[in-house]
Amino acid sequence: MWEDNLRGIFYIALKDIKTYYFKPPAVSWGIVFPITWILGFYLRNPGSFEELVPGLIAMTILFSTTAAEAVVINFELRLGSLERLLLAPISVAAVLLGKVLGGIIFGFVMTTVVTVASVVILRLHPNIFYLILITIPSLFVFSSLGALLCVMVKEVFEAQTLLNLPRFLMIFLSGVVYPIPKMPLALQYFSKVLPLTYTIDGLRRSFSIGLDKTVFFRYFNSHLFFLSFYYTGGKVALQKV
Amino acid sequence: MNSIIEVKGLTKRYNGFTAVNHINFEVKKGEVFGFLGPNGAGKTTTIRMFTGLSKPKEGKASILGLDINSVIVQIKKYIGVVPEISNLYDELTALDNLLFMAQLYDVPKSMRRKKAEELLKTFRLNERKDSLFRTFSRGMKRALTIAAALIHNPEVLFLDEPTVGLDVVAARSLRNLISNLRQQGVTIFLTTHYLEEADLLCDRVAILVKGRILAIDTPKSLKAKTDKKSLEEAFMKITGLEPEVLAIEKGR
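Chains as they are written, first to last, in numbering that gives the first Met the number 0: chain D, 0 to 240; chain G, 0 to 251.
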């Protein structure tokens, strides 16, 4: 049974990557958009690259993992081809994980490109172990968040709109462009329930700003976010079947 | 095991509306079983319950002795489904669509391409095997969807309005294919609006109206019992649609 599910997860992700990811719209959302945003903020308010690059990586993770999920889930739902997957001898949870994995793999490639390019060009020296420790679970978190939001609605445009809500909320309230300690107290508390807060904080620590073992706390926190998004997404998907 | 599909008191309700109402029947191995009824009778809902796309509210059903409420994923290995809508992947070619299905259904790697090409040939699509699904005509899409359902040699095949959108030749070829599959021992559960087709293909038919089965028998017996020459006329009489049709004809 688990072999069937693993096979299903692998082939669904492979099909989605081949069909939808690595196409101009997904690449644009996944890489061009975060670079433009971060550059825009940097030019307005120049700071150190150690502050800038973690924000760029966090935004790349966020945007690349969710770049094509509305198409991967909602477009297929409308065409009926998602139903085709549900007819296959694999569980609904495996179908959802296959969809999430496509976003993770695409996000991983985009994030690696952005990280390596930034580190090489700007001659930064992050702690690679901590960087990976934060990046990998974050890819799972945001891809599963995207999947959860997409299974909640039917149409592609509804999913795109719904995806933009947490995306932009997190850009402004998770410390990507504005430091959390400078925010009003209520927003500081609110930022603690946003997963990007832990990603950006963990990434900054990997880039040597206050490097310490609390990065493991962010690592485990990301797992909790992933599990809760994936579990809820699976429940919603099951209800819709 | 003689009965491949067993259904007892199967019921489905949506927001207070009963789509399928305590239906009971059995389908034997190698039988072509027709599920006939007007639009909204509950035919597709029944197929959706058999294939795990919808959960029954009440009752039991088993396929190959396996309970649809508890081991539906296991059942899916042995069944092929042709839904009402041709729902393969627009951005994949005909061959890639079949290969993807073969991967999902764990067809041995060495057999995948061979089996896919065989099916493309059977459905006269081999010349378009490298064309994207979205470039296909409605009939070709239908044919490829049926081919996809057969990629793993299912023991039971669910066909929901399989000939809708097919041209005369393709529809005839599908009917021949259904006859061949029956000879190979495949059990076929078929819904159709074409009663002539049901008369031609089905060993037995069930007539469903508003979620309830009104009759189950061979087409020949149904015609004899209703004293009608065709299955269509028998269907009209059983479903009570006959006076309606006569009234329309009188008004002409």
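Each residue gets a CB set at the ideal place from its N, CA and C atoms; glycine is no exception.
Query	Result
Span separating the alpha-carbon of ASN20 (chain G) from that of GLU126 (chain G)	46 Å
Proximity test, Cβ basis, 9 Å: GLU154 (chain G) and chain D	no
Distance CB(PHE9 (chain D))-CB(SER143 (chain D)) smaller than 9 Å	no
Beta-carbon proximity of ALA142 (chain G) to ALA101 (chain G), cut-off 9 Å	no
Within chain G, partners of MET89 (chain D) - CB distance below 9 Å	What sits at residue 89 (chain D) in the sequence shown is Ile, not Met. Neighbours of ILE89 (chain D) on chain G, chain order: VAL72, LYS75, LEU103.
CB contact check: PRO218 (chain G) to chain D, cutoff 9 Å	no
Boundaries of the alpha helix (DSSP H) in which ASN4 (chain D) is found, first to last residue	1-18
Closer than 7 Å at the beta carbon, the chain G residues around ARG77 (chain D)	Residues of chain G passing the Cβ test: none, with the nearest at roughly 10 Å.
CA nearest to the CA of MET235 (chain G), picked from G:MET110, G:LEU194, G:THR121	G:LEU194
Proximity of ARG166 (chain D) and PHE21 (chain D) at Cβ, strictly below 9 Å	no
Span separating the alpha-carbon of THR160 (chain D) from that of LEU200 (chain G)	49 Å
Residue-level contact to chain G via CB, TYR242 (chain D), 9 Å cutoff	Lying before the first or after the last residue shown, residue 242 (chain D) is absent from chain D, which here runs from 0 to 240.
Identity of the residue in G:LEU9, G:LYS219, G:GLU25 nearest LYS186 (chain G) by Cα	Here the sequence assigns Thr to residue 186 (chain G), which means Lys is not the residue at that position. Nearest C-alpha to THR186 (chain G): G:GLU25.
Members of the segment 11-38 of chain G near chain D, C-beta cut-off 9 Å	none
Buried versus exposed, by CB contacts within 10 Å (16 or more), PRO194 (chain D)	buried
Interface residues of chain G facing GLU82 (chain D) [CB-CB closer than 7 Å]	LEU52, PRO82, ASN86
Proximity winner among G:LYS224, G:PHE34, G:LEU149, G:ILE145, relative to ASP105 (chain G) (alpha-carbon distances)	G:LEU149
Beta bridge counterpart(s) of LYS11 (chain G) as assigned by DSSP	G:VAL19
DSSP three-state assignment for PHE225 (chain D), whether helix, strand or coil	helix
Nearest-angstrom beta carbon gap, VAL80 (chain G) and ARG181 (chain G) [assumed within contact, 8 Å]	Incorrect: roughly 17 Å between the Cβ atoms, too far for contact.
Terminal residues of the beta strand (DSSP E) in which LYS59 (chain G) lies	57-62
Backbone secondary structure at PHE135 (chain G) - three-state DSSP	coil
Cutoff 7 Å; reference ASP166 (chain G); Cβ partners in own chain excluding five residues on either side	GLY138
Minimum Cβ-Cβ distance from LEU91 (chain G) to chain D less than 9 Å	yes
Any 3 or more C-beta pairs closer than 8 Å across the segment 32-41 of chain D and the segment 195-202 of chain D	no
Cross-chain neighbours of LYS14 (chain D) in chain G, by beta carbon under 7 Å	PHE99
Proximal residues of chain G, C-beta to C-beta of LEU85 (chain D) below 8 Å	GLY51, LEU52
First through last residue of the alpha helix (DSSP H) which encompasses GLY201 (chain D)	194-205
Extent of the continuous beta strand (DSSP E) to which THR186 (chain G) belongs	186-190
Anticipated Cβ contact below 8 Å, THR231 (chain D) with LEU168 (chain D), distance rounded	With a Cβ gap of about 18 Å, THR231 (chain D) and LEU168 (chain D) do not count as contacting.
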